[in-house]
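J.:
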Amino acid sequence: GLAARALRDAAGANPLELGITLNLGTATPETDSEADREACRRADGMGTRLYLDPLVHGRYPEDIVADLAAQHIELPVREGDLAAIATPLDVLGVNFYRGMQFSGVTEDGSPLDAEGLPVVRAVDRDLPRTAMDWEITPTELTDLLVRLERDYGLPTVITENGAAFDDTVAADGSVPDADRTAYLADHIAAVVAARAQGADVRGYFAWSLMDNFEWAYGYAKRFGIVRVDYDTQIRTLKDSAQWYRDTIRLTRDAAE
1 GLAARALRDA AGANPLELGI TLNLGTATPE TDSEADREAC RRADGMGTRL YLDPLVHGRY
61 PEDIVADLAA QHIELPVREG DLAAIATPLD VLGVNFYRGM QFSGVTEDGS PLDAEGLPVV
121 RAVDRDLPRT AMDWEITPTE LTDLLVRLER DYGLPTVITE NGAAFDDTVA ADGSVPDADR
181 TAYLADHIAA VVAARAQGAD VRGYFAWSLM DNFEWAYGYA KRFGIVRVDY DTQIRTLKDS
241 AQWYRDTIRL TRDAAE
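Everything in the sequence shown is counted per UniProt numbering, starting at 1 for the first residue and increasing by one.
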């Protein structure tokens, strides 16, 4: 918030569009039980509302503040902090990779974990997965964007969306990554569906242009639509990059 104010002051009469990017997802209960719904409330509170409520509404979610207090954790909020945090934003960047399903009990049915705290347990689903072992959940991107519009009302841009797969180079030098092409197509369709339901989504960026250094796995996982040969530094458009290029051209031509 303080940075946004400084930037606007420095810009004077020049218009700026300022925003923040957050890693966001969805929380779906495994069953309709109260315990599973409560686990989703906690997961959503710690993963989404804890950040967006102060940014947009100028307050921390009361239920999450209470949950933390029960663990003897107090948010270090000083006078003036929330007003600064809630400095108006022009756009919200959304990094989306997957939604998740949660249970409120352990695998043996206990509602409390080993520390005596309420259980929030991620539950695997029988869904296609990426090379990161992340579930592929495009329809949950639609759910997220519609929810963000309803609860926060900010224009959004998908600042990251993509997948790592175990790419192989064909004999002719091409990189046929049909799984990544399908991933991008399904998630772009999910954005279109969200826009049709009223979500103000203004842009989409695939992650990423090139294979690169991944936070936890170094160079072992490839997210790029352009393959990088790390020994020679040669770049090769994967099939997904050609599809992405052609899709952009078709969309542009249709708009014109």
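Ideal Cβ positions, reconstructed from N, Cα and C, are used throughout, including at glycine.
Rounded to a whole number of angstroms, what is the C-alpha to C-alpha distance between Arg180 and Ala69?
T.: Straight across, the Cα-Cα distance linking Arg180 with Ala69 is about 43 Å.
J.: One question on the structure: do Trp243 and Phe223 come within less than 8 Å of each other, judged by their Cβ atoms?
T.: no
J.: Could you check how far apart the C-beta atoms of Tyr204 and Val191 are, in whole angstroms? I think they sit under 8 Å.
T.: 6 Å
J.: Measure the CB-CB distance between Ala39 and Arg150 and report whether it falls below 8 Å.
T.: no
J.: Ile248 lies in the alpha helix (DSSP H); which residues open and close that run?
T.: Asp239 to Ala255
J.: Please list the terminal residues of the continuous beta strand (DSSP E) segment that includes Val226.
T.: Val226 to Val228
J.: In chain order, what residues of the same chain have a beta carbon less than 7 Å from the beta carbon of Asp53, not counting five sequence neighbours either side?
T.: Arg59, Tyr60 and Pro61
J.: Return helix, strand or coil for Met132, following the three-state DSSP convention.
T.: coil
J.: CA-CA distance, Thr236 and Lys221?
T.: 16 Å
J.: When the Cα of Glu140 is compared with those of Ala27, Trp215, Val157 and Leu18, which residue comes out closest?
T.: Ala27
J.: Reducing DSSP to helix, strand and coil, say where Gly201 ends up.
T.: For clarity, residue 201 is Val in the given sequence; the question names Gly instead. The answer is strand: DSSP assigns Val201 an E or B state.
J.: Can you tell me whether His72 is buried or exposed, with buried defined as 16 or more other CB within 10 angstroms of its CB?
T.: exposed
J.: Let's see if you can read the secondary structure: which residues bound the beta strand (DSSP E) around Val91?
T.: Val91 to Asn95
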